[in-house]
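Number of protein chains: 2
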Amino acid sequence: MATQTAAQRRDEARAAYDAYLACCPARELLDTLSDKWVSLILNALSDGPLRYSDLGRIIAGVSQKMLTQTLRGLERDGLVSRTVTPSVPVRVDYALTELGHDLQPVMLAIKRWAEGNIDQVHSARKAYDTRL
Amino acid sequence: MATQTAAQRRDEARAAYDAYLACCPARELLDTLSDKWVSLILNALSDGPLRYSDLGRIIAGVSQKMLTQTLRGLERDGLVSRTVTPSVPVRVDYALTELGHDLQPVMLAIKRWAEGNIDQVHSARKAYDTRL
DNA sequence: CTGAATCCGTGGCGATACTG
DNA sequence: CAGTATCGCCACGGATTCAG
């Protein structure tokens, strides 16, 4: 039975975290926004719809896997819409949904705070690092 | 030379990401807030200073390692202050700095949006999942 | 062009044990 | 009480390959 203890603990931890997420919308949102590519995609789409390949080009550094995976997640959450145009070759456009658009002010609030206080954070880090 | 290509690419990617972070305060802040324990600690401290062990108890599920590591990061960023009282036994209090306090409205904005729109996200997920 | 599937290295995190 | 040090696991992301 000892061999299952680890798995059991993992499951318990996972279950506990899920339960926690269920009762804490803020963290759920944070988990979404925290994704490295989510904010980039959301920002890229804020100016209007974009094709899959456009996104891949604009957001330099993203792999196909992560781009697709992230877009799927955003689509699932209802933040982004996916429109397929059955031409040859196929064309797929991604756009912000209304819900996704509603999120922009929040992103902006984060951006504003960050831009206004990042200097303090940086100097705090510098002070902390040199003090050792 | 082929053996170094992978390592080189990783380094390049890392360097690119660092450069990107340097010019994008919003993502830097997001990287901080996204941490599983940061928001919990910030929220716990919003009501006033707490001792190390208090934090560990209030934030059920956090390991000593992560608690210490997260607190160090927050202290380094100037969001949290660490006060040692050299008694026996030693007493250490953690509190929000002014900068950390300034961040609360942003956290609140995130919380508000999440609480107001989480239902839509959940129903969107449900619709997406059942559609397959 | 837009993806799906697979392999694989590595870094983050939890658990455990030890210290002042 | 408040940490530090070490180890092992596995989940995440990048690269690559195949498909409609």
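Chains A and B supply the protein sequences, listed in that same order.
Letter 104 of the first sequence, counting from 1, is numbered 104 in the numbering used here, and no numbers are missing.
Letter 105 of the second sequence, counting from 1, is numbered 1105 in the numbering used here, and no numbers are missing.
All residues carry an ideal CB built from backbone N, CA and C; glycine is no exception.
On a predicted model such as this, the values are computed, not experimentally measured, just so you know.
Using a CB distance below 8 Å, the part of the stretch 1053–1076 of chain B facing chain A consists of Gly1061, Glu1075 and Arg1076, ordered along the chain. By the Cβ neighbour-count rule, Pro1025 (chain B) is buried, with 16 or more other Cβ atoms within 10 Å of its own.
Proximity to Thr1097 (chain B) across B:Lys1111, B:Arg1082 and B:Arg1091 peaks at B:Arg1082, based on C-alpha coordinates. Leu1030 (chain B) reaches chain A at Leu33, Ser34, Ser39 and Ile110, counting residues in chain order whose Cβ is nearer than 7 Å. Nearest to Lys1065 (chain B) by alpha-carbon distance, out of B:Val1084, B:Leu1042, B:Trp1037 and B:Ser1087, is B:Trp1037. Residue nearest to Arg1091 (chain B) within the set B:Ser1046, B:Leu1103, B:Asp1035 and B:Arg1051 is B:Arg1051 (criterion: CA-CA distance).
Using a Cβ distance threshold of 7 Å, Leu1079 (chain B) and Ala114 (chain A) do not count as a contacting pair. Distances from the alpha-carbon of Leu1099 (chain B) to those of B:Asp1035, B:Ser1123, B:Tyr1128 and B:Ser1046 put B:Ser1046 closest. Under the criterion of beta carbons closer than 8 Å, Ser1039 (chain B) and Met1107 (chain B) qualify as touching, at roughly 7 Å. For Thr1032 (chain B), the CB contacts under 7 Å within the same chain, skipping 5 residues up- and downstream, are Val1038 and Asp1077 in chain order. Ranked by Cα distance from Arg112 (chain A), the first of B:Asp1129, B:Pro1105, B:Thr1130 and B:Gly1061 is B:Pro1105.
Distance from the CA atom of Cys1023 (chain B) to the CA atom of Gly116 (chain A), rounded to whole angstroms, is 13 Å. Not a single C-beta of chain B is nearer than 7 Å to the C-beta of Val90 (chain A). Under the three-state reduction of DSSP, Ala1060 (chain B) is assigned to coil, being neither helix nor strand.
Listed along the chain, the chain B residues whose CB falls inside 8 Å of the CB of Asp102 (chain A) are Trp1113 and Asn1117.
Look at Val1121 (chain B): its C-beta is under 7 Å from a C-beta on chain A.
Annotation: the continuous alpha helix (DSSP H) that includes Ser123 (chain A) extends over Gln104 to Thr130. Residues of the same chain with a CB within less than 7 Å of the CB of Asp1129 (chain B), apart from the 5 flanking positions on each side, do not exist. For the options A:Gln69, A:Pro86, A:Arg57 and A:Leu74, the alpha carbon positioned closest to that of Arg1125 (chain B) is the one of A:Leu74. Annotated as distal: Pro49 (chain A) and Asp119 (chain A), with beta-carbon spacing of 7 Å or more. Around Thr1070 (chain B), the same chain offers Asp1035, Trp1037, Val1038 and Ile1041 as residues with beta carbons nearer than 7 Å, after the five sequence neighbours per side are excluded. By the Cβ neighbour-count rule, Val1121 (chain B) is buried, with 16 or more other Cβ atoms within 10 Å of its own. Looking at the backbone, the Cα of Leu1132 (chain B) and that of Arg72 (chain A) are separated by about 13 Å. Around Ile58 (chain A), the same chain offers Ala44 as residues with beta carbons nearer than 6 Å, after the five sequence neighbours per side are excluded. In its chain, beyond the 5 residues on either side, no residue has a beta carbon closer than 6 Å to the beta carbon of Pro89 (chain A). Under the Cβ criterion of 7 Å, Leu99 (chain A) is counted among the residues facing chain B.
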